[in-house]
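A.B. asks: Before I ask anything, let me first share the structure, which is written out below as structure tokens.
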Amino acid sequence: MGLSQLVKQATRVPDVVGHTANCLLTTDPDRCIITVSSPIGASDHCLVKSVSSFSPPDCDSRGEPRMWRYKSTDWDEMRHFFACYPWQQVCFSSEDPSSCADAISDVVRQAMEYYIPYSDVPVGGSAHPWFNADGAEAEKRKHSAFLAWADARDRKAPDLSSKKRAFKPCCQVLQKGRKKGSLRSYYSYWQKTLCTAIW
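Just so we're aligned, residue 1 is where the sequence shown starts under full-length UniProt numbering, counting upward by one.
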């Protein structure tokens, strides 16, 4: 089908050399820019971002954003759904890669709606009311810790384990802020205890 894999590096924390956990395929790799950032929350997988120069079709601007509750996913039933799905007949009967991709997207979306609880956020509402300016700063510092760890990993630096240890508290700060509803008190804690560990 002429597809190219865009993700070239390991995307797990800690990573295993040669193991690329994320698959992002396209027929036009020159129109896509890929970046790998620090994991969200306590995830052990990096955030993979793809920016494409393709113009998406016009969407209904009145649609409500959907928030997925991944922690409550029924993974066993979802695996069973994917294992039993008639992929060949539904998704791969066409020789057109775009048609196949659309069909796969529809199946994945269907499975998500079946097995992942979700809620629609009203337009103008906030999906993360706890994520204020302090939260943005904590997230920025978490990403800096991740970059320091990734650099130490690539250089095979002797302080790799300390960089990894510094990354974990950054995630914990954001988790605590989310549970409490505010990050203000945890931001001062972050400044006092984590900056020296990261640098």
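We treat Cβ as the ideally placed atom computed from N, Cα and C, and that holds for glycine.
1. Arg69: buried (16+ other C-beta within 10 angstroms of its C-beta) or exposed?
2. Could you tell me whether the Cβ atoms of Leu24 and Ser37 are closer together than 8 Å?
3. Anyone know if the C-beta pair for Val121 and Val107 falls short of 8 Å?
4. So, under 8 Å CB-CB, Ser72 and Pro117 are touching, yes? Tell me the CB distance rounded to an integer number of Å.
5. For a test of the three-state rule: what should DSSP assign to Arg66, helix, strand or coil?
6. Could you tell me which residues DSSP pairs with Arg155 in its beta bridges?
7. Residue 200 lies in the alpha helix (DSSP H); which residues open and close that run?
8. Kindly list the residues whose CB is nearer than 7 Å to the CB of Ile104, restricted to its own chain and excluding five residues on each side of it in sequence; keep chain order.
9. Does the beta carbon of Lys8 sit closer than 8 Å to a beta carbon anywhere in chain D?
10. Provide the residue(s) that pair with Thr26 in DSSP beta bridges, ordered along the chain.
11. What separation, rounded to the nearest whole angstrom, lies between the Cα atoms of Ala150 and Ile33?
C.D. replies: Reading it off the structure:
1. exposed
2. no
3. The Cβ atoms of Val121 and Val107 do not sit closer than 8 Å to each other.
4. Confirmed, Cβ separation roughly 5 Å.
5. strand
6. DSSP, once it has assigned bridges, lists no residue as partnering Arg155.
7. Not covered by the structure: residue 200. The range shown for the chain is 1 to 199.
8. Cys91
9. Here chain D cannot be found, since the structure has a single protein chain.
10. Beta-bridge pairing links Thr26 to Ser4.
11. 20 Å
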